[in-house]
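Numbered per my numbering, the sequence shown spans residues 20 to 88.
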Amino acid sequence: MAKLSFLAGFGAGYVLGSKAGRERYEQIRRGWEHAKDDPRLQSIAGVAQAKADDALSSLRARMGSETPH
């Protein structure tokens with residue numbers, strides 16, 4: 020999931036940066052690097068991941084396809 024988030028952020032930064040020029044791209048990239056290391060963002064991402072895992076487990080249980088770990 021972390022890779023998907025990283026790739027989405029990178030892709031958005033690349034597209035926006037290429038349209039606005041190299042300077043804007045570098046500004047966006049630096050902002051992303053700063054934001055991804057922010058402990059508050061890490062905390063929010065952890066909570067979101069836990070909720071997504073719980074929802075997926077619940078959905079699997081309802082569908083009767085719970086796989087043992």
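Yeah, the Cβ is synthetic: ideal placement off N, Cα and C, and Gly gets one too.
- For residue 72, the enclosing alpha helix (DSSP H) has its first and last residue at 58 to 82.
- Across the set 27, 68, 61, 63, the C-alpha of 27 shows the shortest separation from the C-alpha of residue 48.
- By the Cβ neighbour-count rule, residue 32 is buried, with 16 or more other Cβ atoms within 10 Å of its own.
- The shortest CA-to-CA distance from residue 22 to any of 43, 34, 50, 55 is the one to 55.
- For residue 34 and residue 52, the gap between their C-alpha atoms comes out near 17 Å.
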